[in-house]
Amino acid sequence: MATPRTAHDVDDHPTSLTRRSFTTCAAAAAAGWILTACGPKRLYDVSRERLRELVGDVEREYSATYGKDVTVSAAGPQPGVLFGYALDISRCTGCRRCVYACVEENNQSRDPQVHWIRVLQMDKEHGVDFAHADQYYEPAQVPEEGKFYVPVSCQQCRDAPCTKVCPTGATWAEKDGIVVIDYDWCIGCRCCMSACPYGARHFNWKAPSVAATDVNPHMHYLGNRPRPKGVVEKCTFCIQRVREGRYPACVEVCPVGARKFGNLLDPDSEIRYIIEHERVMVLKEELNTMPKFFYFYGT
Amino acid sequence: MARNTAALAAGVATVAVLALGGCHAGPSRDTSADDAPWGGTQVVLPARASGEPELVQVPPPPFSDGVFPCSDCHAQPDLPPNRTRRVLVDAHDEIVLKHDEEHRWCLDCHDAVDRDQLHLAGGELVPFSESYRLCGQCHGEKHRDWRAGIHGRRTGFWNGRKEYLLCVHCHDPHAPRFKPLVPRPAPVHPGPMTR
Ligand code: SF4
Ligand code: SF4
């Protein structure tokens with residue numbers, strides 16, 4: 000495996016230089032140089048030293064803003080790891096505990112409200128059918144008779160349409176499979192939102208709000224650090240937790256144990272057991288996005 | 000190696016020796032003998048693919064306040080076990096059995112002689128901290144999935160130490176069906192399209 004690094008893998012695919020592409024590249028390089036000379040450095044372009052400075056800067060900034068000790072990690076992918084997720088549709092009760100655990104863990108804006116997880120209520124009679132799904136259900140108690148629930152967040156596609164359309168290269172898939180966004184490079188054009196077939200990306204229309212007391216000070220540069228207004232954000236499998244070996248917050252909070260997570264490359268992992276022993280599906284398989292988020296029927 | 004064996008090494012060594020070394024008859028007893036009897040227990044799960052045993056930590060059983068040890072009341076000489084199947088009225092009358100109640104009653108799981116333990120169908124005593132073995136007699140599939148980590152909630156580290164819950168942390172053994180939950184609030188509706 001390659002050494003761990005937080006890097007765009009564009010440089011793993013050298014292209015042959017024709018005269019034409021050379022000119023284009025040169026122009027792009029010049030534009031890039033001007034941009035980087037004036038603006039922040041893209042995370043995957045900088046040296047380790049500069050990265051430490053960058054992270055130190057944002058740590059100080061957030062610590063001052065929220066009046067508490069904030070740590071911002073820039074930990075890269077672990078070698079030999081490709082993350083996968085599985086959700087047991089036969090167990091999910093639609094209680095939305097995962098939605099709010101995610102909001103708290105990942106510093107999502109409370110007002111205006113941003114939710115990375117949407118729990119879709121569907122009719123057992125119709126099966127998985129997005130056209131008739133309801134995310135605004137509000138009965139006194141769940142689960143309701145005749146209904147089942149499909150929580151949807153970023154599917155961490157292996158062939159992710161969102162990363163292909165981004166004009167600034169602000170979003171990409173890391174080696175461990177997590178699709179990330181560099182909030183300093185996102186220009187808020189929302190191309191990725193329209194490219195994503197799962198509605199997994201969310202835009203900050205206003206300055207996001209999180210009270211200082213509610214801020215989770217345990218942050219990752221490419222994950223739950225507070226976003227500015229005008230950028231896109233989404234689920235990162237709790238990058239700040241999983242790169243340290245911990246389970247994502249939604250896995251730990253789910254009261255029925257419907258959520259499972261692990262390393263797809265480890266034959267001993269829970270996720271591999273599920274893929275090998277259960278009836279597993281992915282959403283909108285026909286689109287060939289190849290999600291690393293699987294749904295299964297455990298009973 | 001993705002699995003964080005180093006962090007576990009010490010624990011695995013002790014528990015694995017006690018549990019695997021002390022047991023020739025297969026998976027019948029898989030917890031460490033020197034764990035505090037009513038404290039948390041470490042369960043060694045047989046490895047699936049790599050040949051390494053896996054360790055998970057299980058918290059103590061969720062007793063109601065003051066009921067354990069059962070022998071505090073039941074061992075009194077004037078309270079000999081009454082093995083007649085009946086509806087309890089003098090004590091434990093708050094327990095309404097809704098778990099195959101036509102066919103079962105207290106002493107099918109609770110032991111009449113050693114009041115602080117449970118017993119399997121074959122009579123083998125099982126401490127409350129290993130009640131999953133009792134459950135697994137009927138619910139073999141669920142027991143298998145629980146051991147594989149896909150039934151029930153796991154917390155901790157995907158590549159290292161995990162914490163498991165006993166069946167009875169989520170399912171009341173006397174009425175195991177899940178109670179409905181009050182859902183957390185729905186997301187704010189963006190409102191009707193105005194243009
Ligand atoms: S917390 Fe678990 S049961 Fe509740 S909505 Fe989320 S996945 Fe479903
Ligand atoms: S679910 Fe959407 S945001 Fe997530 S990787 Fe796929 S296309 Fe991108």
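Protein sequences appear in the order of chains G and W. Using numbering that gives the first Met the number 0, read the first sequence as starting at 0 and increasing by one per residue. Using numbering that gives the first Met the number 0, read the second sequence as starting at 0 and increasing by one per residue. Just so it is clear, CB atoms sit at the ideal spot from N, CA and C, and this is done for glycine as well. All values reported here derive from a predicted model rather than from experimental measurement.
Endpoints, the beta strand (DSSP E) within which residue i is located
i: G/M218; result: H217 to H219
i: G/V151; result: K146 to V151
Range covered by the alpha helix (DSSP H) that runs through residue i
i: G/Y238; result: Correcting the residue type first, residue 238 of chain G is Ile in the shown sequence and not Tyr. Its alpha helix (DSSP H) spans residues I238 to V241.
i: G/K174; result: That residue, G/K174, is in no alpha helix (DSSP H); it is neither H nor E in DSSP.
i: G/T70; result: Premise fails: G/T70 lies in the beta strand (DSSP E), T70 to S72, not in any alpha helix (DSSP H).
i: G/A100; result: R96 to E104
i: W/E140; result: G139 to A147
i: W/D71; result: S70 to H73
i: G/V252; result: A248 to V252
i: W/K97; result: Segment: none, W/K97 is in no alpha helix (DSSP H) and carries neither H nor E.
i: G/T162; result: P160 to V164
i: G/S193; result: C190 to A194
Proximal residues of chain W, C-beta to C-beta of residue i below 8 angstroms
i: G/I273; result: I149
i: G/V299; result: Chain G is shown only over 0 to 298; residue 299 of chain G falls outside these bounds and no answer can be derived.
i: G/V241; result: W157
i: G/E124; result: Those within 8 angstroms of G/E124 in chain W number zero; the least Cβ separation is about 20 angstroms.
i: G/E173; result: Per Cβ cutoff of 8 angstroms: no residues; G/E173 is ~16 angstroms from chain W at best.
Beta-carbon separation (whole angstroms), residue i vs residue j, contact threshold 8 angstroms
i: G/I177; j: G/T235; result: 5 angstroms
i: G/Q154; j: G/T288; result: 7 angstroms
i: W/C134; j: W/C169; result: 11 angstroms between Cβ atoms; not a contact.
i: W/S128; j: W/P60; result: 6 angstroms
i: G/I273; j: G/K259; result: 6 angstroms
i: G/F295; j: G/R278; result: 6 angstroms
i: W/P175; j: W/H98; result: 6 angstroms
i: G/C161; j: G/R224; result: At roughly 20 angstroms, the Cβ-Cβ gap does not stay under 8 angstroms, so G/C161 and G/R224 are not in contact.
i: G/C190; j: G/P227; result: Not a contact, Cβ separation roughly 18 angstroms.
i: G/R90; j: G/V255; result: 5 angstroms
Near ligand 2: residue i beta-carbon under 7 angstroms from a heavy atom
i: G/K300; result: Outside the modelled stretch of chain G, which goes from 0 to 298, sits residue 300 of chain G, for which no answer is possible.
i: G/P227; result: no
i: W/P191; result: no
i: G/R200; result: yes
i: G/V178; result: yes
i: G/P247; result: no
i: G/Y197; result: yes
i: G/T288; result: yes
i: G/C153; result: yes
8 angstroms Cβ cut-off: residues of chain G touching residue i
i: W/D144; result: G297
Residue i: contacting residues in chain C (beta-carbon distance under 8 angstroms)
i: W/F177; result: The displayed structure is made up of protein chains G and W, and chain C is not among them.
Chain-ordered neighbours of residue i on chain G, where CB pairs are closer than 7 angstroms
i: W/H188; result: Y135
i: W/R152; result: C253 and G256
Under 7 angstroms by beta carbon: chain W residues contacting residue i
i: G/G244; result: N3, F156, W157, N158 and G159
i: G/V141; result: P179, L180 and P182
i: G/F260; result: W157
i: G/V98; result: R183
i: G/Q112; result: P186 and V187
i: G/R95; result: P182 and R183
i: G/E52; result: Within chain W, no residue comes near G/E52; the closest Cβ sits about 30 angstroms away, beyond 7 angstroms.
Paired residues, beta bridge with residue i - DSSP
i: G/R49; result: Answer by DSSP bridge pairing: none, since G/R49 is not bridged.
i: W/P205; result: In this structure chain W extends from 0 to 194, so residue 205 of chain W is not present and cannot be described.
i: G/D133; result: G/Q120
i: W/K161; result: W/V55 and W/G155
i: G/R278; result: G/Y296
i: G/Y84; result: G/F260 and G/F292
i: W/A174; result: W/D171
i: G/V141; result: W/L180
i: W/H199; result: In the structure as shown, chain W starts at 0 and stops at 194, and residue 199 of chain W therefore has no counterpart that could be examined.
i: G/H201; result: G/E232
i: G/R245; result: W/F156
beta-carbon residue i near ligand 1 non-hydrogen atom, thresh 7 angstroms
i: W/V167; result: no
i: G/V118; result: yes
i: G/T298; result: no
i: W/G151; result: no
i: G/V102; result: no
i: G/T170; result: no
i: G/Y148; result: yes
i: G/A139; result: no
i: G/T85; result: In the sequence under discussion, the amino acid at residue 85 of chain G is Ala, which differs from the Thr named in the question. G/A85: no, Cβ never under 7 angstroms from ligand 1.
i: G/V45; result: no
i: W/V88; result: no
i: G/G126; result: no
i: G/G93; result: yes
heavy atom of ligand 3 below 7 angstroms from residue i C-beta
i: G/T64; result: In terms of ligand content, the structure shown lacks ligand 3 and carries ligand 1 and ligand 2 instead.
Chain-ordered chain W contacts of residue i [CB-CB under 9 angstroms]
i: G/R117; result: P186
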